[in-house]
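Here's the structure, in structure tokens; my notes come after.
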Amino acid sequence: MLLRKGILFMLLFTGLYVLFFAVGTRVRLNGTPIIYRLGNVYHWKGGDAWQRYHEYDPQLRHDVVVLGSSHAYRGYDPELFARQGIDLFNLGSSGQTAMNTHYLLDDLLSAENTGLLIVEVSKAYLESDGLESTCELVQNIPMERAAVRMALSLRDPRAANLLALRWAMHGQEPIYRSENYTAKGYCRHTTNAPADLEHRHTGRFDPLPDQVEHLRSIIALCAERGIPLVLVSHPIPPRSDPERHRLFAEFLRGLVAGTEARYLDLATALELDDQQHFADHSHLNQAGVERFVPALIDSLTAHGLAHPMAPAPGTAIGPTE
Amino acid sequence: MLFNSLEFAIFFPLVVAIHFLLPHRLRWLLLLVASYWFYMAWKAEYAVLLLLSTAVDYTAANGIHKAKDQRGRKRWLWMSLVVNLGLLGFFKYFNFLNDTFRTLSGWGGIDYSIPDMDLLLPMGISFYTFQTMSYTIDVYRGHLQPERHLGRFALFVTFFPQLVAGPVVRAPDLLPQFIQRMGFDQQRVVEGLKRMLWGLFKKVVIADRCAPIVDEIFGDPAAHDGPLLVLGVLLFSIQIYCDFSGYSDIAIGSARVLGFRIMENFRAPQLAASIGEFWSRWHISMSAWFRDYIYIPLGGNRVNTERWYFNLVVVFFLSGIWHGAGWTFVIYGLLHGAYMVLALMTKRHWRRFNAWSGLVRIPRRHHAMLVLVTFLLVAFSRIFFRAESVQDAFVMLGSLWHFKLAWGGLPALFAAVKPWEIAITLVLAFSHLFLDHHLEAFVKGERRFGHRAYSYLFHGSLLLLLVLFGNYGEVAFIYFQF
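Here the protein sequences line up with chains A and B, keeping their order.
So the first sequence is numbered by numbering that gives the first Met the number 0: it starts at 0 and just counts up by one.
So the second sequence is numbered by numbering that gives the first Met the number 0: it starts at 0 and just counts up by one.
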């Protein structure tokens, strides 16, 4: 009796649930499905994430693949690398954390399609729970397995909602496209940071244990698959919190010690200007990127990490088969 | 472990399943282990305090029972009170008192250098301390025989559904239920699950959606104008009710699934027509505790008028400080004491005014007015309850009356919470405020749906709202900090 009632109740609930997503994704308000008005987790399908992951083809080999947060897709310009003969694809996404990187890496990258993996790391990469990035990626990446794993990492009903939205939107065109998106995953920003921008100094770095575990898994997975891995911290504005960065860099150096991964800390290596080279409190603008990328390539070369991506003259970059 | 966590969603069905599979004589052991597990999932070390509290009150109650004379009985009672209040005082009030002494010493030009301690307040300490104290006092008063079975007594102290935020259960209500044999009763399980669903809905959909808006407004009151501050105060009133009564619903529901009955802790406090009535509807178990163990021993209302007022103020002062170690809570308690005393002092005048103004001839509208005034008075007092400091509370009070429509803090609020999310939250929160007592009657089984299909639809919709509109991320219950 109880079982029958329970099944009946769950059937009714499932019906209402499916109806909600069917209506919410099809009824539009000002051109966008009304479901997007109902909560933060219902991330719009489209934008640079959709463009990036639909442009990326795992069958093609790239000398360098970059993963990480918006620091990655706004800081590593494939055009600047191409000038040095390096083919780079940027797979960064907004608020990407170690958890997101781990699942993307697991689904997409191998020694065959990746010469060198750069993971752009900043404090938030290990301090945030990855919700922002998960919401965006679950709606926009074509890889089913990674999307499900990211959604399930939330460990609450939001996981079901994200996946239900993903599947309900299946086959629909993206709602919008990013104007800053150029190609190969990169977004170009040319604006300067405002002069009165405030930088908060907390002097603290509090990594989440789960994210640290995911970073360890990334290092282990790269070693297992034979993908050379470099963790890079790109420049930070001179007025930002130096103590916080020191703690973070120290932590990362400890983490990579004894592993095959390397950590390149370029946070304060260049003399940059808070306004001229940054778009806001942490992201480089194009002028900053143009200073940073050559310095990064020099640094990679100096550390002997440029080898896997060194193009042999006349080598065509293309499918690995 | 939080009720609104994945861990609990796994833990609870497992405990229920094993509970009903085990023979009756072993069930107390399972529940005791489960209760410690539940508590230790938060901070294992602090289980020592639970053990200590259990050992002290078990020993004290049996000591009182065996003592040959009044002096001996009193000695055991004092031992229990000193240990329980000592632990509570140390963990909850040490830094507050230390800060106060430091400030006073500074004013007097005295060098006071005892540093604050880095203490984490043990979750639920105020609840289980009061529960065990009531047991020992009841044994001392001769209202109760001490429990001989240490395991069952330990379970009474730690019973996981109500361990960390009440209701503060009395021993005569709960201990006999541990002995009673019970089987798996479908109807009871369904009742319990419905109650849990209702509690989760109130917590996750209403309270936790209000939380970011309230946090933004109370976090920087100087940045907001009158209308937004008023909104923040009203929303906080709804938030704290849904948060705390939601916890009680889950506690009562989960105990019900396991076969136990726990007292009700709320009875539509938003419908109270006076502050006195509010306290008979809000956190009933704690109000009853203060009445039975402080107010009545002080003489209650069977004393002269001045002493009666004094007793009321003392009880509300203690109730305020019970909530938290801070001057904001002291003011919150005293404000309620003042409300009560003022209401009593002016009772005669109000009666005359009502007759003169004709309000007595429109009793329903008059009652509605009283309900509104009571709601606003309580909401007002909660400015002190929620404010991060006394200074913040007074900043709010200063700006609350500026009803210019400047909406200065709106951009900051919209940066924290998207406008349409605020709109949805407002619709959910205020509809809940008005519909709560109607819907709750169905959940508690006091009213029945005309057809079973309506019940399915109602509970299905609750679950749907919970899944779709809940604010997840394991936001802790507000009363856990007390």
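Heads up, the beta-carbon is just placed ideally off N, CA and C, and yes, glycines get one too.
Please read these numbers as outputs of a predicted model, since none were measured by experiment.
Where the alpha helix (DSSP H) containing residue i begins and where it ends
i, result
"B/Arg-26", "23 to 39"
"B/Tyr-134", "124 to 140"
"A/Gln-210", "208 to 224"
"B/Ile-63", "46 to 65"
"A/Leu-304", "Premise fails: A/Leu-304 is in no alpha helix (DSSP H) and is neither H nor E."
"B/Asn-83", "69 to 87"
"A/Lys-122", "122 to 126"
"B/Tyr-292", "First-last for B/Tyr-292: undefined, no H or E at that position."
"A/Asp-76", "Per DSSP, A/Asp-76 belongs to no alpha helix (DSSP H) and is neither H nor E."
"B/Ile-261", "No alpha helix (DSSP H) contains B/Ile-261, which DSSP labels as neither H nor E."
Residue-level contact to chain A via CB, residue i, 8 Å cutoff
i, result
"B/Asp-197", "Note that residue 197 of chain B is Trp in the sequence shown, not Asp. Judged by the 8 Å Cβ criterion, B/Trp-197 is not in contact with chain A."
"B/Gln-185", "yes"
"B/Ile-9", "no"
"B/Leu-467", "yes"
"B/Ile-249", "no"
"B/Leu-5", "yes"
"B/Lys-67", "no"
"B/Glu-420", "yes"
"B/Ile-293", "no"
"B/Ile-423", "yes"
"B/Tyr-38", "no"
"B/His-18", "no"
"B/Lys-417", "yes"
"B/Tyr-240", "no"
"B/His-431", "no"
"B/Gly-275", "no"
"B/Leu-463", "yes"
"B/Gly-323", "no"
Sheet register partners of residue i (DSSP bridge)
i, result
"A/Val-65", "A/Asn-89 and A/Ile-117"
"B/Tyr-338", "BP columns for B/Tyr-338 are empty, so no partner."
"A/Tyr-175", "A/Gly-45"
"A/Tyr-180", "A/Cys-186"
"B/Thr-157", "Paired residue(s): none; B/Thr-157 is not in a bridge."
"A/Leu-28", "A/Thr-31"
"A/Leu-283", "A/Phe-277"
Range covered by the beta strand (DSSP E) that runs through residue i
i, result
"A/Asp-264", "261 to 264"
"A/Leu-228", "228 to 232"
Test: residue i CB closer than 8 Å to a CB of chain B
i, result
"A/Met-149", "no"
"A/Thr-319", "The pLDDT assigned to A/Thr-319 is 33, lower than 50, so where the model puts this residue is not dependable, and the model offers no usable value."
"A/Tyr-72", "no"
"A/Met-0", "yes"
"A/Pro-32", "no"
"A/Gly-94", "no"
"A/Tyr-175", "no"
"A/Tyr-16", "yes"
"A/Leu-7", "yes"
"A/Asp-47", "no"
"A/Pro-237", "no"
"A/Ala-167", "no"
"A/Asn-160", "yes"
"A/Ile-316", "In this prediction, A/Ile-316 has a pLDDT of 34, which is less than 50 and means its spatial position is unreliable; what the coordinates show is noted afterwards. So, not an interface residue."
"A/Leu-11", "yes"
"A/Asn-39", "yes"
Among the options, the one whose alpha carbon lies nearest that of residue i
i, options, result
"B/Gly-141", "B/Ala-54, B/Lys-73, B/Ala-324 and B/Asn-310", "B/Lys-73"
"A/Pro-241", "A/Gly-202, A/Trp-166, A/Gly-91 and A/Leu-271", "A/Gly-202"
"B/Ala-164", "B/Ala-170, B/Val-156 and B/Pro-171", "B/Val-156"
"A/Ser-69", "A/Ala-194, A/Arg-238, A/Arg-27 and A/Asn-179", "A/Asn-179"
"B/Arg-280", "B/Phe-265, B/Ser-273 and B/Tyr-292", "B/Phe-265"
"B/Ala-337", "B/Gly-357, B/Arg-360 and B/Val-313", "B/Val-313"
"B/Asp-117", "B/His-18, B/Ile-9, B/Trp-349 and B/Lys-91", "B/Lys-91"
"A/Glu-197", "A/Gln-274, A/Asn-139 and A/His-302", "A/Gln-274"
"B/Leu-50", "B/His-437, B/Glu-6 and B/Tyr-127", "B/Tyr-127"
> Would the stretch 204 to 223 of chain B and the stretch 40 to 48 of chain A be scored as touching if the rule is three or more Cβ pairs under 8 Å?
Replying inline: no
> Just checking, does the stretch 181 to 195 of chain B make contact with the stretch 234 to 245 of chain B on the three C-beta pairs under 8 Å criterion?
Replying inline: no
> Touch check for the stretch 51 to 63 of chain B and the stretch 75 to 83 of chain B: three-plus C-beta pairs under 8 Å?
Replying inline: yes
> Would you call the stretch 273 to 289 of chain A and the stretch 256 to 265 of chain A in contact, with 3 or more CB pairs under 8 Å?
Replying inline: no
> Between the stretch 126 to 156 of chain A and chain C, which residues of the former have a C-beta closer than 7 Å to a C-beta of the latter?
Replying inline: You won't find chain C in this structure, because its protein chains are A and B.
> Does the pairing of the stretch 163 to 176 of chain A with the stretch 22 to 33 of chain A give three or more beta-carbon distances under 8 Å?
Replying inline: yes
>> Count Cβ pairs between the stretch 108 to 120 of chain A and the stretch 55 to 74 of chain A that sit closer than 8 Å; are there 3 or more?
In response: yes
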